[in-house]
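Engineer:
2 protein chains.
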Amino acid sequence: MNKVSFSRAVPVLTYERVVEQIEQAIVSGEITPGQHLPSERELMVQFSVSRPTVREALRVLQSLGLIASKPGSRSGPEVLSMSSEPLGRSFATMARIASLSLTELVQFRIVLESSACQLAAALRNGEQLEKMQNAVERMEAEVTNGSDSFNRADLDFHASIWEASHNDLLKVCGQAVSGSILNLMNERMERSADTAGAMRESLERDRAIYSAIASGDSVAAGDAARSAISRYFAEYLDEDGVRGLRALAPELA
Amino acid sequence: MNKVSFSRAVPVLTYERVVEQIEQAIVSGEITPGQHLPSERELMVQFSVSRPTVREALRVLQSLGLIASKPGSRSGPEVLSMSSEPLGRSFATMARIASLSLTELVQFRIVLESSACQLAAALRNGEQLEKMQNAVERMEAEVTNGSDSFNRADLDFHASIWEASHNDLLKVCGQAVSGSILNLMNERMERSADTAGAMRESLERDRAIYSAIASGDSVAAGDAARSAISRYFAEYLDEDGVRGLRALAPELA
DNA sequence: CCGGGTGAACTGGCCAGACCAGTGAACTTC
DNA sequence: GAAGTTCACTGGTCTGGCCAGTTCACCCGG
Chain A
989 MNKVSFSRAV PVLTYERVVE QIEQAIVSGE ITPGQHLPSE RELMVQFSVS
1039 RPTVREALRV LQSLGLIASK PGSRSGPEVL SMSSEPLGRS FATMARIASL
1089 SLTELVQFRI VLESSACQLA AALRNGEQLE KMQNAVERME AEVTNGSDSF
1139 NRADLDFHAS IWEASHNDLL KVCGQAVSGS ILNLMNERME RSADTAGAMR
1189 ESLERDRAIY SAIASGDSVA AGDAARSAIS RYFAEYLDED GVRGLRALAP
1239 ELA
Chain B
989 MNKVSFSRAV PVLTYERVVE QIEQAIVSGE ITPGQHLPSE RELMVQFSVS
1039 RPTVREALRV LQSLGLIASK PGSRSGPEVL SMSSEPLGRS FATMARIASL
1089 SLTELVQFRI VLESSACQLA AALRNGEQLE KMQNAVERME AEVTNGSDSF
1139 NRADLDFHAS IWEASHNDLL KVCGQAVSGS ILNLMNERME RSADTAGAMR
1189 ESLERDRAIY SAIASGDSVA AGDAARSAIS RYFAEYLDED GVRGLRALAP
1239 ELA
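So the protein lines, in turn, are chains A and B.
Just so you know, the first sequence maps onto residues 989 to 1241 in this note's numbering.
Just so you know, the second sequence maps onto residues 989 to 1241 in this note's numbering.
If you want it as structure tokens, here you go:
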């Protein structure tokens, strides 16, 4: 090889190496969730670095949702099991750093939620179905009351769908994007959807989704979800967004 | 309200408050990407905290992909624009912390990639179509050569699909999950897909996807993508996974 | 007058040592 | 044996310092 190409001699930060080693130990299963890391003072001798360096590394791992440290604990920072929190946070910040339009978020939600409904129709068990039914009934009961409890029941309904999809990744991403949409709409405009009429519409659509899932009809469940979400958000989207929606839900055309 | 319910008086860590304030300044647009934060020493007087605290906060923001600090810079840490890196990292760690099965990842990829193909069929422009065609032609040319350049062309093809979907969220998540699947499969088994026959199959499927996108047929594009991915991974999934796949792609039944 | 080299004034990376308010387990006391 | 106390140790924070690298203004030679 006569073409020696040198690469930038990037300095490796020592706290990064601490992060790497601990992360490696976690993902390789050398330390399992529930177990504890050595204390900061112990780590600083094992890594031969100072405490601030150890702490910076721990803070990073903490922000990644891998560990949690509690003052006074006799057993050092705890290794956590997978949580959706960091992923949700990444979604939320991405959504807010301006680059993501409402169109993108809504498209994404349609894709995820309709798929979850398809999966739920095929894989739901009795308990999950019962939860959905329960939530729908609560929505029916609360439709005349304040919108607060109605919305809670609505959220419960969707949560049980995610659950029934048997796909945690889908669930986490779907809930994260739903939350981001709520944030964005709350920031932009008054929630105009709290009228009795709007609630009645939501209820009707959720009922359609529920019966499709209950009957085990994947195709119908997916269609119902796509229809529900796209009708709900259609008025907030621009022309391109509507075109995208038509591509995702051709049955609505 | 006669029901006063006290909540846990959780101590607020000071570095967390520094993170919050800076994060708020970024997401609110008070500081825009490309601009610079004050130096650590400046921040420590503004927040009235010590430098280690400032540094821990900056490390967290850095791990979230919001800022980058460079030693020697006269202008302090730089505020970054949105990047997919932290999201991709979250995906990768989630996937590896054992909770995510290959089934979930593959389902998720099918959902995202088929949707991207549907969107691409409706929204692609000439330049993006050209890129896809170019990639397919390169795959055709390389199918007899080493698998390395073939795989690169394959990746380029898919990348241009993500691009043409006009949805960055879809793109970032899709690419992240694709990467995670690759990692997982590399860890678990030898890549058995590098034979000439497998490459030929891949090429055939990509060609089907391409022609559907080129003709603007969203439905066909989505079907082609679902079919391609599920056929490719079917052998690696368990029974439940296959059932889920059937729910997501009923047209294959 | 202009250009290039030089050095001082920064930057972030890292360290040593210290104090504090909690926690929790061992220990003492009843 | 049970209840209360003590104390070692935890993480959170601060002070003060050193180092290597980057910048930029200044100065000197052309």
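Note that CB positions come from ideal geometry on N, CA and C, so glycine has one too.
Treat the numbers as computed from the prediction; the structure is a model and nothing was measured.
1. Quick check: what's the CA-CA separation for B/Ala-956 versus A/Val-1048?
2. Please return the same chain residues whose Cβ sits closer than 8 Å to the Cβ of B/Ser-1051, not counting the five positions on each side in sequence.
3. My guess is that A/Ile-1201 and A/Ala-1209 are in contact by the Cβ rule of under 8 Å, so how many angstroms apart are they, rounded?
4. Measuring CB to CB, does A/Val-1067 end up less than 8 Å from A/Gln-1034?
5. Quick check on B/Asp-1142: buried or exposed, where buried means 16 or more other Cβ atoms within 10 Å of its Cβ?
6. Candidates A/Asn-1139, A/Leu-1233, A/Phe-1079: which alpha carbon is nearest B/Leu-1111's?
7. Please state whether the Cβ-Cβ distance between A/Ser-1206 and A/Gln-1106 is less than 8 Å.
8. For chain B, is any of its Cβ atoms less than 8 Å away from the one on A/Ser-1137?
9. Could you name the residues of the same chain whose beta carbon sits closer than 7 Å to that of A/Ala-1213, not counting the 5 residues immediately before and after it, in chain order?
10. Could you check where the alpha helix (DSSP H) with B/Asp-1136 kicks off and where it finishes?
11. Report the partner residues of B/Ile-1055 according to the DSSP bridge assignment.
12. Can you list the alpha helix (DSSP H) stretches of 4 or more residues lying completely in the region 1162-1217 of chain A, in chain order?
13. Taking A/Arg-1140 as the query, report the chain B residues whose CB atoms sit under 8 Å from its CB, ordered along the chain.
14. Just to confirm the assignment, what range does the alpha helix (DSSP H) spanning B/Glu-1008 have?
15. Within this structure, are the beta carbons of B/Leu-948 and A/Leu-1157 separated by less than 8 Å?
16. Do B/Pro-1026 and B/Gly-1064 count as a contact pair if the criterion is CB distance below 8 Å?
17. Here's a check: name, in chain order, each residue in its chain whose Cβ is nearer than 7 Å to the Cβ of B/Ile-1055, leaving out the five neighbours to either side.
18. With 8 Å set as the bound, which would you pick, yes or no: does the beta-carbon of B/Phe-1221 sit closer than that to a beta-carbon of chain A?
19. Taking the alpha carbon of A/Val-1124 as the reference point, which residue from A/Ser-1199, A/Trp-1150, A/Arg-1097, A/Val-1015 has its own alpha carbon closest?
20. Excluding the 5 residues preceding and the 5 following A/Ala-1129 in the sequence, name in chain order all residues of the same chain whose CB lies nearer than 7 Å to its CB.
21. With 16 as the cutoff for other CB atoms within 10 Å, does A/Gly-1229 come out buried or exposed?
22. With 16 as the cutoff for other CB atoms within 10 Å, does B/Thr-1041 come out buried or exposed?
23. Out of curiosity, what's the CA-to-CA distance linking A/Leu-1090 and A/Met-1032?
24. Near B/Pro-1059, which residues of its chain fall below 8 Å by C-beta distance, leaving aside the five closest residues on each side in sequence?
25. Under 8 Å, do B/Lys-1119 and B/Ser-1137 count as touching if we go by C-beta distance?
26. By Cβ distance below 7 Å, which residues in the same chain neighbour A/Asp-1211 in space, the five residues on each side in sequence not counted?
27. Along chain A, which residues have their Cβ under 8 Å away from the Cβ of B/Arg-1231?
28. Does the beta carbon of B/Ser-1148 come closer than 8 Å to any beta carbon on chain A?
29. By the 10 Å Cβ neighbour count, where 16 or more other Cβ atoms means buried, how is A/Ser-1203 classified, buried or exposed?
30. Could you tell me the alpha carbon to alpha carbon distance between A/Tyr-1220 and A/Arg-1097, rounded to whole angstroms?
31. Within the 8 Å Cβ cut-off, does A/Met-1082 reach chain B?
32. Starting from the Cα of A/Arg-1043, find the closest Cα among A/Asn-1122, A/Met-1173, A/Arg-1005, A/Arg-1188 and give me that residue.
33. Could you list the residues in the region 1001-1016 of chain B with a C-beta less than 9 Å from some C-beta on chain A, going in chain order?
34. Among the candidates B/Val-1037, B/Pro-1021, B/Met-1173, B/Val-1160, whose CA atom is the shortest distance from the CA of B/Tyr-1003?
35. Pull up the CB-CB distance for B/Ser-1153 and B/Ala-1108, whole angstroms please, since I reckon it's below 8 Å.
Structural biologist: Answer, in terms of the structure:
1. Absent from the model: residue 956 of chain B. The displayed extent of chain B is 989 to 1241, so no value can be given.
2. Within the second sequence, numbered from 1, the residue matching residue 1051 of chain B stands at position 63. Answer for B/Ser-1051: Pro-1074, listed in chain order.
3. Indexing the first sequence from 1 puts residue 1201 of chain A at position 213. Indexing the first sequence from 1 puts residue 1209 of chain A at position 221. Contact flag correct, Cβ pair sits at about 5 Å.
4. For this step, residue 1067 of chain A is matched to residue 79 along the first sequence. For this step, residue 1034 of chain A is matched to residue 46 along the first sequence. In this structure, A/Gln-1034 does not lie closer than 8 Å to A/Val-1067 by Cβ.
5. Position 154 of the second sequence, counting from 1, holds the residue named residue 1142 of chain B. Buried: at least 16 other Cβ atoms inside 10 Å.
6. In the second sequence, the residue the question calls residue 1111 of chain B occupies position 123. Of the candidates A/Asn-1139, A/Leu-1233, A/Phe-1079, the one whose C-alpha sits nearest the C-alpha of B/Leu-1111 is A/Leu-1233.
7. Counting from 1 along the first sequence, the entry for residue 1206 of chain A is found at position 218. Counting from 1 along the first sequence, the entry for residue 1106 of chain A is found at position 118. Yes, Cβ-Cβ distance for A/Ser-1206 and A/Gln-1106 is below 8 Å.
8. Your numbering for residue 1137 of chain A matches position 149 in the first sequence. Chain B contact via Cβ: absent.
9. The residue given as residue 1213 of chain A occupies position 225 in the first sequence. Glu-1101, Ser-1102, Cys-1105, Ile-1197, listed in sequence order.
10. The count along the second sequence starts at 1 and reaches residue 1136 of chain B at position 148. Its alpha helix (DSSP H) spans residues 1135-1152.
11. Position 67 of the second sequence, counting from 1, holds the residue named residue 1055 of chain B. According to DSSP, which records beta bridges pairwise, B/Ile-1055 is partnered with B/Val-1067.
12. 1184-1202
13. Position 152 of the first sequence, counting from 1, holds the residue named residue 1140 of chain A. In chain order: nothing, as chain B lies at least about 17 Å away.
14. For the purposes of this step, residue 1008 of chain B is taken as residue 20 along the second sequence, with counting starting at 1. Here the alpha helix (DSSP H) through B/Glu-1008 covers 1002-1015.
15. What is shown of chain B runs 989 to 1241, which leaves residue 948 of chain B out entirely.
16. Mapped onto the second sequence, residue 1064 of chain B falls at position 76. Mapped onto the second sequence, residue 1026 of chain B falls at position 38. The answer is yes: Cβ separation under 8 Å.
17. For the purposes of this step, residue 1055 of chain B is taken as residue 67 along the second sequence, with counting starting at 1. Same-chain partners within the cutoff: Leu-1025, Leu-1046, Leu-1049, Pro-1065, Glu-1066, Val-1067, Leu-1068.
18. On the second sequence, position 233 is the one that residue 1221 of chain B refers to. No, no contact with chain A.
19. Working through the first sequence from its first residue, we reach residue 1124 of chain A at position 136. It is A/Ser-1199 whose Cα lies nearest to the Cα of A/Val-1124.
20. Along the first sequence, one-based indexing puts residue 1129 of chain A at 141. Nothing meets the Cβ criterion.
21. Taking the first sequence and counting its residues from 1, one reaches residue 1229 of chain A at position 241. Flag for A/Gly-1229 reads buried.
22. Here residue 1041 of chain B refers to the residue found at position 53 of the second sequence. Under this definition B/Thr-1041 is a buried residue.
23. As a position in the first sequence, residue 1090 of chain A is number 102, starting the count at 1. As a position in the first sequence, residue 1032 of chain A is number 44, starting the count at 1. Looking at the two C-alpha atoms, the distance is approximately 46 Å.
24. What you label residue 1059 of chain B is simply residue 71 of the second sequence in a count that begins at 1. Result list for B/Pro-1059: empty, nothing under 8 Å.
25. What you label residue 1119 of chain B is simply residue 131 of the second sequence in a count that begins at 1. What you label residue 1137 of chain B is simply residue 149 of the second sequence in a count that begins at 1. No, these two residues do not count as a Cβ contact at 8 Å.
26. As a first step, residue 1211 of chain A must be located in the first sequence, where it is residue number 223. Result list for A/Asp-1211: Glu-1239, in chain order.
27. The residue labelled residue 1231 of chain B in the question sits at position 243 within the second sequence. Neighbours of B/Arg-1231 on chain A, chain order: Ala-1110, Leu-1111.
28. As a first step, residue 1148 of chain B is located in the second sequence; it is residue number 160 there, counting from the start. Taking Cβ atoms only, chain A never reaches closer than 8 Å to B/Ser-1148, which makes this a no.
29. Sequence index remark: in the first sequence, residue 1203 of chain A carries index 215 (1-based). Classification of A/Ser-1203: exposed, given that the 10 Å Cβ count is below 16.
30. For this step, residue 1220 of chain A is matched to residue 232 along the first sequence. For this step, residue 1097 of chain A is matched to residue 109 along the first sequence. Answer to the nearest angstrom: the Cα atoms are 12 Å apart.
31. For this step, residue 1082 of chain A is matched to residue 94 along the first sequence. So, interface residue.
32. Position 55 of the first sequence holds residue 1043 of chain A. Taking only the C-alpha atoms, the option nearest A/Arg-1043 is A/Arg-1005.
33. Tyr-1003, Val-1007, Glu-1011, Ile-1014, Val-1015, Ser-1016
34. Position 15 of the second sequence holds residue 1003 of chain B. B/Tyr-1003 has its Cα closest to that of B/Val-1037, out of B/Val-1037, B/Pro-1021, B/Met-1173, B/Val-1160.
35. Position 165 of the second sequence, counted from the start, is the residue given in the question as residue 1153 of chain B. Position 120 of the second sequence, counted from the start, is the residue given in the question as residue 1108 of chain B. The Cβ separation is near 5 Å, so the contact holds.
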